[in-house]
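>
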Amino acid sequence: MAGAVPRAVVADDSHFMRSVISDMLEEGGIDVVAEARNGREAVAAVREHEPDVVTMDVEMPEMNGIEATERIMAERPTPVLMLSAHTDENADVTFEALDKGAVDFFTKPGGEVSMEMSRLKDQLVDIVTSVAEAGVRGAGTADSNAGAQSRSAATETASSHSTEASRTYVADPTVVIGSSTGGPKMVEQVLSELPVAADLRILVVQHMPEGFTGRFAERIDARSEYDVREATDGARIGGGEALVAAGDSHMEIKNYRNGRLRVKLTRDEPVNSVRPAVDVTMATAATTIDDPLVGVILTGMGEDGADGIRRIKAAGGRTIAQDEATSAVYGMPQRAAETGCVDSVLPIDDVAGGILATITTEVTP
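Counting from 1, one number per residue, gives the positions in the sequence shown under the UniProt record's numbering.
(1) In angstroms with no decimal places, state the Cα-to-Cα distance between Arg260 and Glu27.
(2) Under the assumption that Arg18 contacts Val10 (Cβ atoms under 8 Å), give the Cβ distance between them as a whole number of angstroms.
(3) Given Lys313, which residues of its chain have a CB within under 6 Å of its CB, disregarding the five upstream and five downstream residues?
(4) Note down the Cα distance separating Ala139 from Gly101, rounded to an integer number of angstroms.
(5) Nearest by alpha-carbon distance to Val125: which of Gly240, Ile355 and Met301 is it?
(6) Indicate the three-state DSSP secondary structure (helix, strand or coil) for Phe44 in the structure shown.
(7) Would you mind giving the Cβ-Cβ distance between Thr181 and Thr299, rounded to the nearest angstrom? I have them listed as a contact below 8 Å.
(8) What are the residues that DSSP puts in a beta bridge with Asn255?
(9) Does DSSP put Leu81 in a helix, in a strand, or in coil?
(10) Please state whether DSSP places Ala245 in a helix, a strand or coil.
(11) How many Å lie between Met186 and Gly135 at the Cα?
(12) Which residue from Ile177, Leu265, Pro184 and Ala235 puts its Cα closest to that of Ala306?
(13) Does the stretch 316-331 come within contact of the stretch 191-207, defined as at least 3 CB pairs closer than 8 Å?
(14) According to DSSP, Met56 sits in a beta bridge with which residue or residues?
(15) Where does Lys313 sit, in a helix, a strand or coil, going by DSSP?
(16) Which same chain residues, not among the five before or five after residue 407, have their C-beta less than 6 Å away from its C-beta?
(17) For Thr358 versus Val294, is the C-beta distance shorter than 7 Å?
(18) I'd like to check one pair, Val53 with Val131: are the Cβ atoms closer than 7 Å?
(19) Is the beta carbon of Thr55 closer than 7 Å to that of Leu83?
(20) With 16 other CB atoms within 10 Å as the buried threshold, where does Pro333 fall?
(21) Among residues of its own chain, excluding the 5 on either side of Thr266, which ones have a beta-carbon nearer than 7 Å to its beta-carbon?
(22) Whose C-alpha, out of Thr288, Gly331 and Ala328, is nearest the C-alpha of Arg311?
(23) Residues in its own chain within less than 6 Å of Glu225 by CB, not counting five upstream and five downstream?
(24) Evaluate Ala42 with the Cβ neighbour count: other Cβ atoms within 10 Å of its Cβ, from every protein chain shown; 16 or more gives buried, anything less gives exposed.
(25) Just to confirm before moving on: does the CB-CB distance between Arg215 and Arg236 stay below 7 Å?
(26) Cβ of Asp268 within 6 Å of any heavy atom in the ligand MN?
(27) Rounded to whole angstroms, what is the Cα-Cα separation between Glu59 and Glu269?
(28) Assuming Ala272 contacts Glu241 (C-beta within less than 8 Å), just tell me the rounded distance between them.
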């Protein structure tokens, strides 16, 4: 679809919101080929028009956005961007939609909707354009099954390693993982495949709005051996623990002593047009942490993380980027790779293994 005008279906039960979203997308150069009032109409519109992307409201009558996304992924896999209200309840259902195959989500503004949406127009157009380019063939339910199979394989591999070999890790390693569009599922997979025996300190920077990162941390915590929580100002972690950068705050590494690091949250200006920014966390990690450090860039739009990868490499750390074939959006990993400072470009199924390889000192039969 490179170079072509993206074709979109807009699904929302509010006539006003459908009109506002459609107008903004059209003004941004996106061709809205159909509108839908509920999930059932959205599925039919995808079947009829074969669009490049669907903007999907979460709560709709007859068939909600989650059910519609699951149906679309089963019948005709198409990139879906969820449009979610900014509430705790919607955070839960939004992540459920991502589990069903949605690529990413965008939070609907509250208050004066028309004024707020106008302000966010450029962001919406950018993310819809990026999601339209996401590779979702075989995604959705199949993707979830593949992820489950991958995790099962990883578990079997880890079990095999534990019986056939003794792995020795370097002391006090820290991993900084950055991601954006399409990232939540990828981050969950990577952390689920990292053994707590590696004793990592893990910092995750996922471009995600305030109010969603806490739920994201809870999901990762439930799926991994690590103790994962949302970052708070002054939070400290040691081996076997992870922090997820809080939405709308940069996460800096304040200090590092005796294998424990402390973070500082700031509301400084956005970097690379985002907050939290991967570059901020990676740059401060590179200047503060003197033990083994690994920087990882996963799927996402934009260039956030490229400078951070340079900084980590310059500080003697190791660096990994996700490959194009398994990235929903090959923006951030590509920009990182273009710096010439990435040690390994890996498919998502190999990222956890790549991290472990950088901190393994020896493997003996």
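Note that CB positions come from ideal geometry on N, CA and C, so glycine has one too.
With the structure as the only source:
(1) Cα to Cα, the separation comes out at about 50 Å.
(2) Going by Cβ atoms, the distance from Arg18 to Val10 rounds to 6 Å, so yes, they are a contact pair.
(3) These residues qualify, in order along the chain: Thr319 and Cys341.
(4) Any reading at Ala139 must be qualified, since the residue scores a pLDDT of 40, below 50, and its modelled position is unreliable; the value itself is stated next. So the alpha carbons of these two residues sit roughly 6 Å apart.
(5) It is Met301 whose Cα lies nearest to the Cα of Val125.
(6) Looking at the sequence provided, one finds Ala at residue 44 rather than Phe. Here Ala44 carries a helix assignment [DSSP, helix/strand/coil].
(7) That pair is a contact at about 6 Å.
(8) Asn255 pairs with Arg262.
(9) Of the three classes helix, strand and coil, the one that applies to Leu81 here is strand, per DSSP.
(10) In this structure, Ala245 counts as coil in the three-state DSSP scheme.
(11) For Met186 and Gly135, the distance between alpha carbons rounds to 14 Å.
(12) Among Ile177, Leu265, Pro184 and Ala235, the Cα nearest to that of Ala306 is on Ile177.
(13) With the cut-off at 8 Å, the stretch 316-331 and the stretch 191-207 do not touch.
(14) In DSSP, Met56 forms a bridge with Ala11 and Met82.
(15) Of the three classes helix, strand and coil, the one that applies to Lys313 here is helix, per DSSP.
(16) Summary: the structure shown does not reach residue 407, with the chain confined to residues 1 through 365, and so no result is reported for it.
(17) The answer is yes: Cβ separation under 7 Å.
(18) Inclusion of Val131 and Val53 in the CB contact set at 7 Å is warranted, their separation being smaller than that value.
(19) A contact, by the Cβ cut-off of 7 Å.
(20) Taking a 10 Å sphere around the C-beta of Pro333, we find 16 or more other C-beta atoms and assign the residue as buried.
(21) Excluding residues within five positions, the ones whose Cβ falls inside 7 Å are Ser249, His250 and Glu252.
(22) Out of Thr288, Gly331 and Ala328, Thr288 has the C-alpha closest to the C-alpha of Arg311.
(23) Cβ within range, chain order: Val196.
(24) Its Cβ being crowded by 16 or more others within 10 Å, Ala42 is buried.
(25) Their beta carbons are not under 7 Å apart, which means Arg215 does not touch Arg236 by this criterion.
(26) The ligand MN is not part of this structure, which contains no ligands at all.
(27) Answer to the nearest angstrom: the Cα atoms are 33 Å apart.
(28) The sequence given here has Asn at residue 272, not Ala. In this structure Asn272 is not in contact with Glu241, their Cβ atoms being roughly 27 Å apart against a cut-off of 8 Å.
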